[in-house]
Amino acid sequence: MYLKRLTLNNFKNCTEADLSFSEKINCFIGNNGTGKTNILDAIYYLSFCKSYFNQIDNQNIKHETSFFAIHGYYVKNSKQQDTISCTLQRNQKKQFRLHKKLYHRLADHIGLFPLVMVSPYDRDLINEGSELRRKYIDSVISQFDKVYLDDLINYNKALSHRNALLKYFAVNRTFDKASLEIWDEQLVNLGQGIFEKRHKFIKSFTPIFQEYFNFISDGKEQVAIKYESQLKGNDLKSLLAQAIGKDRMFGHTTVGIHKDDLLFSIGGYPLKKFGSQGQQKSFVISVKLAQFEYTKNIKGFKPVLLFDDIFDKLDEIRVKQIVKLVSENSFGQVFITDTQKERIDKIFLSLNIDHKIFSVDDGEVK
Amino acid sequence: MNSYSSKLLENAVNELAKLPGIGRKTALRLALHLLKEDIEQVEAFSRAITKMRNEVRFCQECHNISDLDICEICSNLKRKKSIICVVEDIRDVMAIENTGQYHGVYHILGGVISPMDGIGPADINIITLENKVAKQEVEEIILALPTTIEGDTTNFYLFKKLKNYNINISIIARGVAIGDELEYTDEITLGRSILNRMPYEHSLKK
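Chains as they are written, first to last, in the numbering used here: chain A, 1 to 366; chain W, 367 to 572.
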């Protein structure tokens, strides 16, 4: 699958653009604030019905104009061509269309045109709290497993009910074991399944990830992703029973899969504390590339890959390795942004790949 | 804020706007409509509402809304008293009655367990159900609560309360709607249908 043509109107700082892309590698080059990333964001919109950066749709309309429009023409398996369009009038509901047919539920569209975005913000995955990491694996798993998503939603509901009950007990100085137990049962049934699926996912995901990291870093460093959960070696039922005193004291549930985390390590030490910026960046890029391959294996075709400002903070060897990697046949269409034309020219001089270079200046793309 | 030319009109609008699904604009439209009607008509209207609120009773057996102490379903001799279908509210009774497939009686809980909304087991009609099972000759309890996590948890609570009595506890089937294409069925429902498949013989009409 690849994006053949993209047209933009009043999207962020871009007044008008009509771009035809290469099936392989496309580079956007320009100075800071010229709108390179906005083009990637427009492509992201077509897959996920929203911006990667700004969740408020209205703020993605160019200042002093009343609407934006994004049209994309995708080619899937040589014959079929799909037209996706997203239009938004200021202060109205956004309209999302496939072949001019309006979607009633945006959720129906997500997943049809898979895409993986690699951006400087990915570093939050390392530096922020465990919630973001759980959210990340949940989003990847639930793309292919609707039952997982449903179980997760129900688990969170049951958890909120149980917490509300614990608070009620604490405030009113009462306790009713039977009322609490029924929620325990729900948490156990749903939580156990979620735990097993997360465990299985990380197990199959890690080797792919390690392979990519080794390639990018030239095999110099040992990295690992470890799934940490209280449910490892314990069953949730007895954990809940043991923690009841603590739960009542705190007024919320202290054990369960909502406490899971992923531990990233390099050379056996925590990546957050002991990884350099370059190492951290290589780490999250490898995670995203592994996500790419995982998605590809399940969907049966290659997602679009977006690289936002990835060369920042990486040494030349790593940059070259990455470009070499994504130009191979196992990857499909790739979009890259960079500030330096010379760097891009130099890389492609030594690699013989089909590519197109666009220069971006103040919202204009050539 | 809207300014009404009459305080009386404003009061009426305020009261109407308290009803579910009625905003201030609709409330004003309704009030103006009532003003246009004959006075007898409007009096009949308000009498009907007052009378309903004053005189409606809840069936002492099943908590259904009724004109008498025992509702029509519970007092019907043709109904099997030994089968009780547990539902959330009266709308569910109406839905099941419309199928014409059920000849037992009902028990209306009046809600489901939901601590986030402050509803615990003691706030819904569970004790009366338990008493009924303890006293009466009950053979089967059919659980027909919503398929939400709250409904599910209530089912489980009832099961725990009632499992020690010598009765059958069953739950209504969940699956693909009749006349639906499998292709358009959501993954969760279809997945459940596969897991809870049944012997073909059972699907033949008796």
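Built from N, CA and C at the ideal position, the CB exists for glycine as well.
Asked: I want to know whether the region 255–267 of chain A touches the region 169–180 of chain A - three or more CB-CB distances under 8 Å.; Found: no
Asked: Give a yes or no on whether 8 Å exceeds the smallest Cβ distance from E553 (chain W) to chain A.; Found: yes
Asked: Determine the closest residue to T520 (chain W) out of A:Q186, A:N58, A:G111, with distance taken between C-alpha atoms.; Found: A:Q186
Asked: Could you check whether the Cβ of Y168 (chain A) sits closer than 8 Å to any Cβ belonging to chain W?; Found: yes
Asked: Which residues in chain A have a C-beta closer than 7 Å to the C-beta of M418 (chain W)? List them in chain order.; Found: The premise fails here: M418 (chain W) is roughly 34 Å from chain A at the closest Cβ pair, so nothing lies under 7 Å.
Asked: For I574 (chain W) versus I474 (chain W), is the C-beta spacing smaller than 8 Å?; Found: For chain W, the structure presents residues 367 to 572; residue 574 (chain W) sits outside this window and is missing.
Asked: Just grab the DSSP bridge partners of M117 (chain A) for me.; Found: A:L306
Asked: Quick check on A158 (chain A) - is its C-beta less than 8 Å from some C-beta in chain W?; Found: yes
Asked: Quick check on the burial criterion: 16 or more other C-beta atoms within 10 angstroms. Buried or exposed for A17 (chain A)?; Found: buried
Asked: Quick one: Cα of I56 (chain A) to Cα of R97 (chain A), how far?; Found: 19 Å
Asked: Is the CB-CB distance between I538 (chain W) and A510 (chain W) below 8 Å?; Found: yes
Asked: Which partner residues of F68 (chain A) appear in the DSSP bridge assignment?; Found: A:L88
Asked: From the DSSP output, which residues share a beta bridge with Y73 (chain A)?; Found: A:R5, A:T83
Asked: So, under 8 Å CB-CB, D247 (chain A) and T253 (chain A) are touching, yes? Tell me the CB distance rounded to an integer number of Å.; Found: 6 Å
Asked: Report yes or no: is there a C-beta of chain A within less than 8 Å of the C-beta of M343 (chain W)?; Found: Any property of residue 343 (chain W) remains undetermined from this structure, which presents chain W solely from 367 to 572.
Asked: Evaluate the contact criterion for the region 480–489 of chain W versus the region 431–446 of chain W: three or more CB pairs, one atom per stretch, below 8 Å.; Found: no
Asked: Tell me whether the region 435–450 of chain W and the region 386–394 of chain W touch, counting them as touching only if at least three CB pairs, one residue from each stretch, are closer than 8 Å.; Found: no
Asked: Could you say which of A:T174, A:L8, A:Q340 lies nearest to T87 (chain A) if we only look at CA atoms?; Found: A:L8
Asked: Please report how far the alpha carbon of Y73 (chain A) lies from the alpha carbon of F358 (chain A), in whole angstroms.; Found: 18 Å
Asked: Does the distance from the C-beta atom of K62 (chain A) to that of F68 (chain A) stay below 8 Å?; Found: yes
Asked: Check the DSSP bridge columns for S359 (chain A) and list the partner residues they point to.; Found: A:I29
Asked: Excluding sequence positions up to five away, which residues of its chain have a Cβ less than 6 Å from the Cβ of K498 (chain W)?; Found: none
Asked: For S536 (chain W), name the three-state secondary structure that DSSP assigns.; Found: strand
Asked: Is P207 (chain A) helix, strand or coil when you go by DSSP?; Found: helix
Asked: Take every Cβ of the region 331–341 of chain A, pair it with every Cβ of the region 21–36 of chain A, and state whether three or more of those distances are shorter than 8 Å.; Found: yes
Asked: Pop quiz: V147 (chain A) and I456 (chain W) are said to be a contact at Cβ under 8 Å. What is the actual Cβ separation, rounded to whole angstroms?; Found: Between I456 (chain W) and V147 (chain A) the Cβ distance is about 33 Å, and since that is not below 8 Å, they are no contact.
Asked: Measure the C-alpha to C-alpha separation of V422 (chain W) and K526 (chain W) and round it to an integer number of angstroms.; Found: 33 Å
Asked: Contact criterion: CB-CB distance below 8 Å. Does S480 (chain W) meet it with respect to chain B?; Found: Considering every chain present, this structure includes no chain B. Its protein chains are A and W.
Asked: Could you tell me how far apart the beta carbons of V118 (chain A) and F307 (chain A) are, in whole angstroms, since I believe they sit closer than 8 Å?; Found: 5 Å
Asked: Just to confirm the assignment: which complete alpha helix (DSSP H) runs, minimum length 4, are found wholly within the region 453–482 of chain W?; Found: 456–465
Asked: Would E505 (chain W) and S448 (chain W) qualify as a contact pair, given that the criterion is a beta-carbon distance under 8 Å?; Found: yes
Asked: Does P487 (chain W) get closer than 8 Å to chain A when you measure Cβ to Cβ?; Found: yes
Asked: From the DSSP output, in three-state form, read off P270 (chain A) for me.; Found: strand
Asked: Give a yes or no on whether the minimum CB-CB distance between N172 (chain A) and chain W is below 8 Å.; Found: no
Asked: Please report the distance separating the alpha-carbon of R318 (chain A) from that of F213 (chain A).; Found: 10 Å
Asked: So what does D261 (chain A) bridge to, in DSSP terms?; Found: A:E228
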